[in-house]
Structures are given as C-alpha cells and as structure tokens.
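As you go down the protein sequences, you meet chains A and B in turn. Mapped onto numbering that gives the first Met the number 0, the consecutive letters of the first sequence carry residue numbers 0 to 341. Mapped onto numbering that gives the first Met the number 0, the consecutive letters of the second sequence carry residue numbers 0 to 391. By construction, the Cβ of each residue, glycine as well, lies at the ideal position given by its N, Cα and C atoms.
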Amino acid sequence: MLLPDDVDVSDESLPLFTFPDSSTRFALVDNDISVAEFRPLDDIDRIIRLDVSSGDKTGDVVTIDGDEEDVFAIEVDGTTIEAYRSRLTSGGRFVSLDDPADERVELVNLVEPVQQFGPRLENFEEVLIDKNLGRSLTNTVLVTIVVVSGQIVTSILGGYAFARIKFKGRGPLFLLYLGSVMVPFVVLIIPLFQLMLQVGWLDNLSALIIPFMFSAYGTFLMRQFFISIPVEIEEAALLDNASRWKILWRIMVPLARPAIATLATFGFLYAWNSFFWPLVIINSGNPDGRVLSLALSTLGGRSSTDLNLVFAGAMIAMTPPILVFLFAQRYFVENSASSGLK
Amino acid sequence: MAEVTFRSVSKQYDGDGPKAVDSLDLDIKDGEFMVLVGPSGCGKSTALRMIAGLEEVTDGELLIGDRLVNDVPPGDRDIAMVFQNYALYPHMTVRENISFALEVAKVKKAEIKARTEEAAEMLGLMDYLDRLPKALSGGQRQRVAMGRAIVRSPQVFLMDEPLSNLDAKLRVQMRSEIIQIQRRLDTTMVYVTHDQIEAMTMGHRVAVMRLGVLQQVADPQELYQRPANLFVAAFIGSPAMNLINVTLGGTAERPTASFAGHTLAIDPRAVERYPQVADRIGSSVVLGLRPEHFSIEGDFDLPADQTVEFEIDLAEAMGAEAHLHITLDVPVVELDGAPVIAEDGDDVSTSTTSVIARIDGIHFVRSGEVVKLGVKTHLAHFFDLDTGLPLN
Ligand SMILES: Nc1ncnc2c1ncn2[C@@H]1O[C@H](COP(=O)(O)OP(=O)(O)O)[C@@H](O)[C@H]1O
Ligand SMILES: [Mg+2]
C-alpha cells in the first residue's frame with residue numbers, strides 16, 4: 000500500500016506532500032478550504048491559487064473574452080500585482096516543514112504525496128474511532144451472533160421435529176416450509192418493511208435480527224442430517240429411558256456437529272455481509288444504527304479520498320469471515336455419525 | 000427378572016397390509032433363554048421390538064412380569080436391547096456409552112463408576128474404556144453394546160441378531176460368551192436370529208416363526224426330533240432334512256415308500272410314531288429323512304429292503320464326515336406353492352429333488368459313483384403333502 004508519509008503537528012498526524020518546484024515537504028493542515036484562482040493581468044496564462052479571503056478589489060474592471068472581471072490586488076512573493084479572479088474552487092492549505100511561515104494554498108490533486116511503503120496501524124484506530132466503525136462493528140457482531148444462534152436453535156428444533164416426531168400434517172407443512180426457500184428475498188422486502196413499520200422496528204436493530212432468526216434452509220439441512228442418523232441410536236437412548244429433550248441435546252445435536260457447523264458458517268456469512276436490508280431499514284442519518292456493511296459503503300463512497308481508511312475498514316470486515324471459515328471447514332469433511340455402527 | 004407373555008399378539012404396520020406378527024401366543028419364563036428363529040421377514044424383529052415398546056401392539060396383550068405393557072413407553076419397561084448394528088453412541092467413549100442409562104437414571108457418581116467397571120470387567124473392556132466406538136473392532140463394539148445392556152440389570156435382555164456382523168470365528172466365541180453371561184446373570188433373554196445353528200446351541204427353548212405365525216416352541220432336542228410341521232422339519236438342522244415326495248405301498252404292518260424307481264421298506268417303529276401312515280397306503284405323502292439317517296454299505300446292519308442304490312452327483316469330503324449329493328427324479332416338496340425353504344442362491348429347479356446323505360468320513364466315494372446306502376427308516380418322519388402336518 001502506498002500511503003502519504005505523516006508528520007505530527009500538535010496531536011494530529013497530517014499527510015505530507017511536495018510541490019514540483021522544491022523538495023521541501025509540506026504538511027496538509029487544512030483540507031477542503033475555499034480557494035481562489037487568480038490570473039495576473041500581465042500574464043493571463045499563469046494561475047496563482049490563494050485563500051479566498053486574500054486579495055482586495057482595486058475597483059477597476061477588465062474585460063476578458065468578453066466578460067467583465069473585477070481586478071484584485073494580490074501579494075505574490077512579497078510584491079503586489081494586479082490580477083483577476085478566474086475561478087473559485089476548493090483545495091488544501093500546506094505548511095512547510097522547514098519553515099512554518101511558508102504557507103501555500105494548492106489543489107490537493109496537483110501536489111505530489113510523499114509516499115512511503117509499509118503498514119500503518121493508525122488507520123485501524125482512525126477508522127474505528129473517528130469514522131465510528133467501532134460502533135458499526137459492535138452492531139454487526141451483535142446482530143450476527145444473535146441471528147446465527149437463533150437460526151441454529153430454531154433449525155435444530157424444527158429439523159428434529161420434521162425428522163423424527165410424527166404429527167398430523169407433517170409432510171405438507173414441511174413442503175410449505177421448504178417452499179418458502181424458493182421465494183427470492185427481493186419479493187419480501189416491501190411486505191417485510193411494512194411489517195417492521197407496524198411493529199415499530201424501523202431504524203432498529205431488532206428488524207435486522209428477529210426476522211432472520213428462523214431459517215427454512217437451516218431447518219431443511221438439519222432435518223436431512225437427523226434423518227441420516229440411524230434410528231437405532233435413538234431407540235437405544237429411548238430404552239435407556241432418556242427423554243426426547245435429552246436425546247436431542249445429548250445424542251442428536253453432538254452427532255449433527257458437521258451440519259451445525261455448515262449452518263453456522265452460512266448463517267454467519269449471510270448475516271455478516273447483509274447489506275441491502277440494513278440499507279432499507281436503518282436511516283442514513285443514524286450512524287449508531289449502522290452495521291459494518293453500511294458503514295463501509297459510506298466510507299468508500301464516490302467522493303472518498305481516504306482509501307487507506309477504506310482498506311482498513313475492509314480488512315476489519317473481512318477478517319472474521321475468513322477466521323470462521325478456517326475454523327469451520329474441518330467440520331465440513333468430518334462426518335462422525337455413522338462411526339458408532341458396525 | 001420377569002417373564003414375558005404374548006397373548007394373541009398381532010402387529011400390522013399398515014391398516015390393510017399383511018400381519019407382520021399374527022396372533023402370537025408365547026410364554027417366556029423367568030430366567031429363560033428364548034430364541035426366536037425363522038427366515039428373514041418372518042416377524043421376529045417385530046415381535047422383539049414389541050417387547051421393547053419400539054413398535055405398538057396392534058392387537059392382543061403383552062405382559063412383562065404381571066404388568067400389561069401395551070401402552071407403557073420403552074423407557075419405563077426396564078428392558079435392555081442389543082441391536083444388530085450395535086447402535087452405540089458414536090460421540091461417547093466406551094465408558095460413557097455404558098454409563099449413559101445410569102446417568103439418565105440419576106444414579107450416584109460412585110455407583111455409576113463401580114457398575115460401569117464391573118460390566119466392563121465382565122466383558123474384558125477395561126482397557127478400552129476411554130476409546131470412541133470408531134476405534135474399536137467389531138467384536139469390541141459388540142461387547143460395548145452388551146455392556147450397555149448388562150450395566151442396567153434390566154428385567155429382560157433383548158438381542159436382535161447381535162452376532163450377524165461378526166466373522167465366523169468370533170461369532171462362535173461370542174455365542175458362548177453370551178450363553179455364559181445369561182447363565183451368570185440369570186436374566187430372561189429373548190434372542191432373535193435367522194441362524195438355526197445359533198438357535199439350537201443357545202436357546203433353552205426355541206420359537207420357530209414363519210410369515211408372522213409361530214410354528215413351534217420347544218427345546219432344541221424336541222424341535223429336532225419331533226418337528227411340528229414340514230416347515231420346522233426343513234428349517235431346523237444342517238444340512239436340512241431331506242423331504243421327498245413318496246407313494247406309500249405295501250401293507251399297514253410293513254409299508255413301503257416308492258420314489259423315482261426306488262422302493263424302501265418302512266420300519267414298524269416309524270409307523271408307531273406316525274400311525275396315520277397305515278391309513279395312507281396307496282397315497283402320496285412327504286417322507287422326511289435327515290442326512291444322518293443314511294449310511295453307507297459296511298456301516299449298517301439293515302435289512303436288504305431298507306437299502307437303495309444311488310448315483311452320487313457330488314461327494315464332498317469334509318474330514319470327519321462326507322456329504323453325498325443325490326438328485327432324485329421326483330418333483331420337489333412344496334409348501335404354499337413354493338419350495339419349503341426357499342433361500343437365495345438355491346437351485347430354482349422344482350422338477351427334481353436333491354438329497355444329501357451324511358456318511359462317515361473314512362469312506363472314499365467319488366462323484367459319479369453308484370453306491371448302496373442303507374436308510375434308517377425307523378427314524379423317518381412323515382407329513383401330509385397338502386397341510387404339511389405330521390402324520391401322527
Ligand atoms: N417399519 C415397518 N413398516 C412396514 N413394514 C415393516 C416394518 N418393519 C418390518 N416390516 C415388515 O414386517 C415383516 C416382518 O419384518 P421383521 O420383523 O423385520 O422380520 P425379521 O426380523 O424376521 O426379518 C416384513 O414383511 C417386513 O417387511
Ligand atoms: Mg430382523
């Protein structure tokens with residue numbers, strides 16, 4: 000990564016730049032100030048950029064390309080010259096590191112950043128604290144943990160019931176439940192939004208959590224896995240006088256670890272990366288309600304110049320899914336359910 | 000410990016389907032080793048699973064001790080079962096597998112440990128207590144399954160073909176171990192197998208089933224010597240009893256049996272056991288001869304009219320004995336329109352009957368040779384051709 004080298008002026012770390020005419024390094028002390036571009040009357044092609052407040056109108060008027068322009072008296076390198084103001088724009092104020100009195104105003108994209116190759120851990124701090132990504136991270140972690148644990152618990156209970164408990168209408172109910180997997184989420188957005196509106200969960204993390212704690216896909220996955228566990232294992236437990244509840248948690252769930260790991264991983268990735276629904280539900284003016292994906296998109300918007308911070312944010316967002324995947328993958332291949340049989 | 004009583008118990012899996020168990024009446028005594036035997040699909044597992052409470056009783060009454068258990072859930076019946084595939088808990092160690100039931104019953108820790116180790120000791124599992132089932136051999140898994148049953152000191156042990164996944168040698172060894180354990184614990188045992196040798200060697204009594212119907216319950220000796228019908232006669236014994244379609248001739252005092260050009264005099268002692276034979280002169284019946292009822296010339300002292308010359312298709316020398324295979328040109332004996340024991344891989348030909356004679360191994364017989372065999376007809380069995388019932 001190429002990052003501007005930094006210097007500490009007071010407590011803040013500031014990016015450094017050089018101007019084409021000298022090797023002196025300048026710190027960008029003010030970004031986004033209003034800049035006026037002046038052109039001297041005796042050398043119309045030259046551009047002098049100064050703070051908007053500088054220069055005084057002389058009261059004279061000059062005609063350039065048919066337009067009348069006010070004449071300003073500006074000071075350049077200690078001498079006063081006459082110039083007209085061709086444009087107002089925004090730029091940065093730079094201060095020389097060698098001579099604090101040497102202050103320049105220039106468009107940020109016209110100066111050369113001083114580049115240094117290497118990691119800059121401060122980015123993480125900045126993005127987490129200054130950009131409020133810390134709060135978004137907390138929100139995402141909270142939402143993800145609750146959604147994934149909810150999905151696991153409800154899928155285990157539902158899957159077990161569909162697999163092993165006989166009740167009236169089990170088949171049709173299961174088909175109906177499974178059929179809901181076929182409905183694409185986009186179709187559900189508006190009804191779900193209206194529902195959230197009625198329940199009063201707009202702009203609230205509950206709307207990101209509660210509707211997603213139930214998973215038809217997860218229920219299906221768990222049911223298929225439970226069905227594949229030999230029924231004799233459960234019958235042996237029944238004869239050992241274990242209750243249904245005990246059989247579920249002591250026998251079936253430990254055996255279903257691979258399926259649970261799969262479900263947890265997919266649930267985690269989905270919840271962690273979900274973007275569109277939070278975008279719909281969470282007001283853009285409420286940074287405390289943002290989840291990571293929303294915060295990142297704000298950070299990396301069209302006019303973003305803080306690419307370093309975007310990358311730091313992206314790193315933060317990427318790391319947990321990678322860790323989860325590495326941790327869970329050994330369960331994907333493991334299948335211990337049949338090893339108790341001959 | 001308790002007795003198990005079936006009173007006209009039936010089981011139907013589907014409302015309109017066939018009965019997997021049909022009006023079963025069976026008294027299993029306290030401490031008895033009862034074997035249920037029969038070909039695959041005859042309903043033995045179903046009967047066993049009804050005792051366990053894993054299948055509902057469609058009709059009739061099932062008692063354990065004096066208690067009617069038709070509607071008692073499995074866990075409350077105080078029985079232990081060993082499954083054919085062992086059904087060990089794969090994620091639990093041997094110790095945890097054995098102690099699970101005690102844990103569920105909230106037995107004290109110290110007692111759990113003591114009882115688990117006592118069971119493990121009895122089965123030689125002490126060195127494997129901390130292993131998972133997948134790290135055990137087939138025989139060891141089988142033992143863990145037994146340990147899980149033993150540790151509970153249940154009223155009744157149920158075993159569903161527990162040895163069928165073991166190799167032949169281990170099977171023989173486990174057979175005697177199970178017999179010893181049952182004798183030592185003196186707990187009622189219901190043991191299901193399709194292997195009649197297992198049934199004969201293990202059971203105090205053996206219940207033979209066919210198509211959901213109980214055929215005969217008796218001790219192994221009785222079963223062998225006085226089969227209640229054609230099916231039991233054919234099913235018990237290895238090699239099986241030879242069943243031959245014969246026509247009775249001669250006189251009521253000295254009847255003869257004719258088949259495929261041969262005529263055999265029947266010893267009066269057989270007629271004493273099967274008196275109806277005297278009434279059936281001139282008609283067709285089923286003659287049952289066990290392989291050991293034949294002997295080769297030189298080994299017998301039988302009248303000439305009890306000897307027959309046979310051409311030997313195949314002579315199998317097995318060391319101590321030899322099996323002589325003979326094909327007779329008479330239609331095979333059928334029960335309900337099919338050969339009595341139809342096993343996979345059997346010759347499908349029903350127009351000829353194969354007979355096996357067992358002779359002493361010291362005799363040297365070549366395939367293709369014609370030999371004179373004596374027949375101990377005083378031991379012969381006779382059955383009705385249509386009903387399969389004995390002519391006694
Ligand atoms: N769960 C079941 N549902 C329907 N039919 C069954 C079921 N279990 C067994 N049967 C049928 O009941 C009959 C007896 O089966 P089973 O008791 O398992 O026989 P065995 O153990 O003697 O081989 C068979 O015809 C079998 O197909
Ligand atoms: Mg069976």
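- Task: Return no unless some Cβ of chain B is closer than 8 Å to the Cβ of A336 (chain A).
- Result: Because the pLDDT of A336 (chain A) is 45, which lies under 50, any placement of that residue in the model is unreliable, and the number read from its coordinates should be weighed accordingly. Cβ-Cβ to chain B under 8 Å: yes for A336 (chain A).
- Item | Helix, strand or coil at V309 (chain A) [DSSP, three-state] | Helix, per DSSP.
- Would DSSP call A206 (chain B) helix, strand or coil? The answer is strand: DSSP assigns A206 (chain B) an E or B state.
- Item | Host beta strand (DSSP E) of S9 (chain B) (start-end) | It spans V3 to Q11 - the beta strand (DSSP E) in which S9 (chain B) sits, taken as one unbroken run.
- Message: Below 7 Å, is the gap between the Cβ of D194 (chain B) and the nearest heavy atom of ligand 3?
- Response: As presented, the structure is devoid of ligand 3, carrying ligand 1 and ligand 2 as its sole ligands.
- Starting from S342 (chain A), follow the alpha helix (DSSP H) in both directions and report where the run begins and ends. Because chain A spans 0 through 341 in this model, residue 342 (chain A) falls outside it and cannot be assessed.
- Contact set between L247 (chain A) and chain E, taken where Cβ atoms lie within less than 8 Å: Here the protein chains are A and B, and chain E is not one of them.
- Query: Is there at least one non-hydrogen atom of ligand 1 closer than 7 Å to the beta-carbon of K19 (chain B)?
  - Reply: The sequence shown places Ala at residue 19 (chain B), rather than the Lys named in the question. At a cut-off of 7 Å, the beta-carbon of A19 (chain B) counts as near ligand 1: some heavy atom of the ligand is closer than that.
- Taking P254 (chain B) as part of the beta strand (DSSP E), name the residues at either end of that continuous run. It spans P254 to F258 - the beta strand (DSSP E) in which P254 (chain B) sits, taken as one unbroken run.
- Task: Might you give, ordered along the chain, the residues of its own chain that have their beta carbon closer than 6 Å to the beta carbon of T79 (chain A), omitting 5 neighbours on each side?
- Result: For T79 (chain A), where only same-chain residues beyond five positions count, the Cβ hits under 6 Å are A72.
- Query: If you count every other CB in all the chains shown that lies within 10 Å of the CB of G339 (chain A), and 16 or more means buried, which is it?
  - Reply: Model confidence at G339 (chain A) stands at a pLDDT of 43, short of 50, so the residue's coordinates are unreliable and nothing is read from them.
- Message: I want to see whether chain B comes within less than 8 Å of A162 (chain A), judged by CB atoms only; does it?
- Response: For A162 (chain A), no CB of chain B lies under 8 Å from its own CB, so it is not counted at the interface with that chain.
- Burial state of K43 (chain B) (16 or more Cβ within 10 Å): K43 (chain B) should be labelled buried.
- 8 Å Cβ cut-off: residues of chain B touching I155 (chain A): Within chain B, no C-beta atom comes nearer than 8 Å to that of I155 (chain A); the closest sits roughly 16 Å away.
- Message: Given a cut-off of 8 Å on the beta-carbon distance, is the pair L124 (chain B) and N228 (chain B) in contact?
- Response: Cβ distance not < 8 Å, so L124 (chain B) and N228 (chain B) don't count as in contact.
- Going by CA-CA distance only, name the one from B:A79, B:L210 and B:H322 that's closest to A356 (chain B). B:H322 is the residue among B:A79, B:L210 and B:H322 whose C-alpha sits nearest the C-alpha of A356 (chain B).
- Query: Taking 7 Å as the line, does the beta carbon of S44 (chain B) fall inside it for any heavy atom of ligand 2?
  - Reply: Result yes, Cβ under 7 Å from ligand 2.
- Task: With a 10 Å radius around its C-beta and 16 neighbouring C-beta atoms as the bar for buried, classify F274 (chain A) as buried or exposed.
- Result: It is exposed - the Cβ of F274 (chain A) has fewer than 16 other Cβ atoms within 10 Å.
- Contact check, T45 (chain B) vs V20 (chain B), beta carbons under 8 Å: Yes.
- Query: Could one say the Cβ of P229 (chain A) lies closer than 8 Å to chain B's Cβ atoms, at least one of them?
  - Reply: Yes, contact with chain B.
- Kindly give me the distance between the Cβ atoms of I243 (chain B) and L286 (chain B), rounded to whole angstroms, as I take these residues to be in contact under 8 Å. Yes, I243 (chain B) and L286 (chain B) are in contact; Cβ-Cβ is about 5 Å, under 8 Å.
- Message: What would DSSP say about R365 (chain B), mapped onto helix, strand or coil?
- Response: Coil.
- Compare the C-alpha of D194 (chain B) against each of B:F234, B:A79 and B:L184 and name the closest. Out of B:F234, B:A79 and B:L184, B:F234 has the C-alpha closest to the C-alpha of D194 (chain B).
- Check whether the Cβ atoms of N138 (chain A) and A311 (chain A) lie closer than 8 Å to each other. Between N138 (chain A) and A311 (chain A), the CB-CB gap reaches or exceeds 8 Å.
- Message: Given the structure, does Y159 (chain A) come close to ligand 1, in the sense that its CB is under 7 Å from one of the ligand's heavy atoms?
- Response: Incorrect: Y159 (chain A) has no Cβ contact closer than 7 Å to ligand 1.
- Task: Compare the C-beta of I259 (chain A) against all C-beta atoms of chain B and say whether one is closer than 8 Å.
- Result: No - not a single Cβ of chain B is within 8 Å of the one on I259 (chain A).
- Message: So, under 8 Å CB-CB, A277 (chain B) and V270 (chain B) are touching, yes? Tell me the CB distance rounded to an integer number of Å.
- Response: Contact between A277 (chain B) and V270 (chain B) holds: their C-beta atoms lie close to 6 Å from each other, under 8 Å.
- Positions along the segment 39-72 of chain B whose CB lies within less than 9 Å of some CB in chain A: So the list reads R48, A51, G52, L53 and P72, given in the order they occur along the chain.
- Query: Residues in the segment 207-236 of chain A with C-beta within 8 Å of chain B's C-beta atoms, listed in sequence order?
  - Reply: Flagged, chain order: P229, E231, I232, E234, A235 and A236.
- Task: Would you verify that the beta carbon of I78 (chain B) is, or is not, closer than 8 Å to some beta carbon of chain A?
- Result: For I78 (chain B), the nearest beta carbon of chain A is closer than 8 Å to its own beta carbon.
- Query: Mind pulling the chain A residues with CB within less than 9 Å of N228 (chain B)?
  - Reply: Going along chain A, no residue has its Cβ under 9 Å from N228 (chain B), so there is no contact; the nearest lies around 34 Å.
- Message: On the criterion of 16 or more Cβ atoms from any shown chain inside 10 Å, does G14 (chain B) qualify as buried, or is it exposed?
- Response: It counts as exposed.
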